[in-house]
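S.K.: Chains as they are written, first to last, in the working numbering: chain A, 721 to 920; chain B, 721 to 920. Okay, here's the structure, questions in a sec.
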DNA sequence: CTACCAATGGACCGCATGGTCCAGAAATCA
DNA sequence: TGATTTCTGGACCATGCGGTCCATTGGTAG
């Protein structure tokens with residue numbers, strides 16, 4: 721399938737709008753008619769741009785949100801080499817998940833929890849983003865080690881997993897309590913655990 | 721609605737079977753016909769025992785799984801007063817989420833992520849279980865403080881949030897990677913952070 | 001025994017949903 | 001310009017779903 725400029729724009733519009741709806745109501749709570757309505761498109765366009773239907777649209781959303789989540793953490797995420805940079809990353813994460821209205825989950829987190837188990841392709845796609853995210857964090861820990869800011873006992877991969885789990889778990893608790901506070905607490909805890917390996 | 725012994729048994733059978741299906745396929749992926757088939761009941765029975773339909777059934781499942789998850793951590797969860805008891809709790813958590821076939825999420829965690837946002841009653845119910853869980857963990861930290869095993873800087877509520885987030889976030893990553901290892905790593909990290917406050 | 005109410009079976013309904021199809025408009029290109 | 005392909009609109013379809021209804025069975029209490 722080849723796309724003209726106009727076609728690509730329409731496709732992008734669909735993905736962006738659908739991504740928002742899915743983030744808000746979940747995959748199951750978002751119908752194709754919903755995204756049709758939100759994008760002023762027709763049913764045929766949906767299947768024109770996503771021949772495999774809803775599955776393919778959801779996969780496109782996963783890529784869209786995966787990139788978006790990582791981008792929201794930049795530039796800090798790419799240059800985690802000092803304690804200040806980690807702090808900047810922390811602020812970026814918190815800022816990204818802060819909404820004026822209510823608390824929503826992580827775009828790729830909720831997608832993973834809801835749909836990854838039933839669509840192997842989606843699962844693999846999302847796994848790649850998780851992998852990349854973890855790797856960037858682990859790189860950051862390694863840089864701290866190279867800079868002599870952290871001792872050799874700090875396992876980069878383990879801390880990356882911890883930090884990621886803190887973000888996702890914190891976000892789940894945040895949804896329950898209606899405040900972003902649990903995310904902040906969990907994230908700070910994981911960061912504090914990393915700082916426990918700091919060398920004077 | 722009054723229940724005879726037979727009725728109560730049937731109702732319980734429905735809840736248990738439906739809970740399993742929901743854990744495996746999610747709320748959206750489980751139809752009333754599915755649970756009807758799995759329990760050898762009829763549609764009318766479902767609405768006889770759960771007049772509000774699927775919503776009410778899901779809420780019953782939430783209570784069932786909420787209790788189940790907490791029970792799986794007992795007796796350790798009730799008596800967190802030494803480092804050994806925390807270790808026993810850790811083992812209980814890992815054991816509970818260990819399945820021979822694949823990795824599933826937390827029964828109440830996935831329920832929270834998928835459906836809590838749309839059913840306020842369900843949300844409140846689940847919030848109560850999260851609250852109780854967090855409180856039991858915080859109590860454990862407080863007991864460590866009373867026993868002089870941990871210094872005064874250890875915030876019980878913060879550590880409870882951290883531990884809970886580690887479990888839930890670790891479980892999400894575990895689903896992605898197909899191994900329980902991330903859960904173990906995240907949980908051990910949060911416990912290690914708590915141990916950082918240990919007094920010799 | 002009888003009257004009552006819980007328990008069960010299963011046909012049935014309305015509707016939302018994912019998906020198909022075809023025809024026409026618009027853009028691209030030879 | 002003419003031909004070809006992409007883009008768009010919207011009617012249409014099949015089905016799975018939550019939910020309703022009523023008739024029948026069966027246990028239980030007075």
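No residue lacks a Cβ here, since even glycine has one placed at the ideal position from N, Cα and C.
1. Using a 10 Å radius around the Cβ and a threshold of 16 neighbouring Cβ atoms, would you call residue 723/B buried or exposed?
2. Just verifying my parser: in three-state terms, what is the DSSP assignment at residue 742/A?
3. According to a CB-to-CB cut-off of less than 7 Å, which residues of the region 810 to 834 of chain B neighbour chain A?
4. State the Cα-Cα distance for the pair residue 843/A and residue 871/B, rounded to the nearest angstrom.
5. Report all residues from its chain with a CB closer than 7 Å to the CB of residue 809/A; omit the five preceding and five following residues, and keep chain order.
6. By the DSSP assignment, the alpha helix (DSSP H) with residue 908/A in it spans what residues?
7. Three-state secondary structure (DSSP) at residue 887/A?
8. Indicate the three-state DSSP secondary structure (helix, strand or coil) for residue 918/A in the structure shown.
9. According to DSSP, is residue 870/B helix, strand or coil?
10. Using a C-beta to C-beta distance shorter than 7 Å, which residues of chain A count as neighbours of residue 902/B?
11. Here's a check: name, in chain order, each residue in its chain whose Cβ is nearer than 7 Å to the Cβ of residue 775/A, leaving out the five neighbours to either side.
12. Against chain A, does residue 892/B count as a neighbour if the rule is that its beta carbon must be under 8 Å from one of theirs?
13. Which residue's Cα is closest to the Cα of residue 784/B: 769/B, 738/B, 851/B, 766/B?
14. Would you say residue 846/A faces chain B, with C-beta separation under 8 Å as the test?
15. Return helix, strand or coil for residue 764/A, following the three-state DSSP convention.
16. Closest Cβ-Cβ distance between residue 750/A and chain B: below 8 Å?
17. For my contact list, residue 895/A and residue 837/B are in at a C-beta cut-off of 8 Å; report their separation, rounded to the angstrom.
18. Span of the alpha helix (DSSP H) holding residue 757/A?
19. Would you say residue 899/B faces chain A, with C-beta separation under 8 Å as the test?
20. Indicate whether residue 898/A and residue 834/B have their beta-carbon atoms separated by less than 8 Å.
21. What is the rounded straight-line gap between the Cα of residue 741/B and the Cα of residue 741/A?
22. Are there 16 or more other CB atoms within 10 angstroms of the CB of residue 830/B, so buried, or fewer, so exposed?
23. Taking the C-alpha atoms as reference points, what is the distance between residue 904/A and residue 748/A?
24. Relative to the C-alpha of residue 769/A, which residue among 853/A, 900/A, 860/A, 729/A is closest?
25. Could you tell me whether the Cβ atoms of residue 913/B and residue 882/B are closer together than 8 Å?
26. To the nearest angstrom, how far is the alpha carbon of residue 863/B from that of residue 876/B?
27. Give, in chain order, every unbroken run of the alpha helix (DSSP H) that is at least 4 residues long and sits entirely within the region 777 to 823 of chain B.
28. Put residue 860/B into one of helix, strand or coil per three-state DSSP.
29. Which word fits residue 818/A, buried or exposed, when buried means at least 16 other C-beta atoms lie within 10 angstroms of its C-beta?
30. Apart from the five residues on each side of it in sequence, which residues of its chain come closer than 7 Å, Cβ to Cβ, to residue 759/B?
31. Excluding five sequence neighbours on each side, which residues of the same chain lie with their C-beta closer than 8 Å to the C-beta of residue 789/A?
32. Answer with buried or exposed for residue 920/A, where buried requires no fewer than 16 other C-beta atoms within 10 angstroms of its C-beta.
M.R.: Here's the rundown:
1. Label assigned to residue 723/B: exposed.
2. The three-state reading of DSSP puts residue 742/A in helix, counting H, G and I together.
3. Those residues of the region 810 to 834 of chain B placed with their C-beta closer than 7 Å to a C-beta in chain A are 825, 829, 830, 832, 833, 834, ordered along the chain.
4. The straight-line gap from Cα to Cα measures roughly 43 Å.
5. Once the five neighbours on either side are set aside, the close Cβ partners of residue 809/A are 793, 796, 797, 800.
6. Bounds of the alpha helix (DSSP H) holding residue 908/A are 901 to 915.
7. Residue 887/A: helix per DSSP, three-state reduction.
8. Residue state, collapsed to three classes: strand.
9. In the three-state reduction of the DSSP assignment, residue 870/B falls in the strand class, which pools E and B.
10. In chain order: 881, 885.
11. For residue 775/A, same chain residues with a beta-carbon under 7 Å away, outside a window of 5 residues either side, are 839 in chain order.
12. Answer yes: the Cβ-Cβ gap between residue 892/B and chain A drops below 8 Å somewhere.
13. The candidate whose alpha carbon is nearest that of residue 784/B is 738/B.
14. By this cut-off, residue 846/A is an interface position.
15. Reduced to three states, the DSSP call for residue 764/A is helix.
16. No, residue 750/A lies away from the interface with chain B (no Cβ there is under 8 Å from its Cβ).
17. Yes, residue 895/A and residue 837/B are in contact; Cβ-Cβ is about 7 Å, under 8 Å.
18. Unbroken alpha helix (DSSP H) run through residue 757/A: 752 to 759.
19. Output row for residue 899/B: interface = no.
20. The Cβ atoms of residue 898/A and residue 834/B do not sit closer than 8 Å to each other.
21. Their Cα atoms are separated by approximately 26 Å.
22. Classification of residue 830/B: buried, given that the 10 Å Cβ count is 16 or more.
23. When rounded, the distance between both Cα atoms is 29 Å.
24. The shortest CA-to-CA distance from residue 769/A to any of 853/A, 900/A, 860/A, 729/A is the one to 729/A.
25. Annotated as proximal: residue 913/B and residue 882/B, with beta-carbon spacing under 8 Å.
26. Those two C-alpha atoms are separated by around 10 Å.
27. Scanning the region 777 to 823 of chain B for uninterrupted alpha helix (DSSP H) segments of 4 residues or longer gives 803 to 817, listed from N- to C-terminal end.
28. Three-state result, residue 860/B: helix.
29. By the neighbour-count criterion, in which 16 or more other beta carbons inside 10 Å mark a residue as buried, residue 818/A falls on the exposed side.
30. Excluding five sequence positions before and after residue 759/B, the CB atoms of its chain that fall closer than 7 Å to its own CB belong to 733, 734, 737, given in chain order.
31. Correct list, in chain order: 816, 826, 827, 828, 849, 853.
32. Burial call: exposed.
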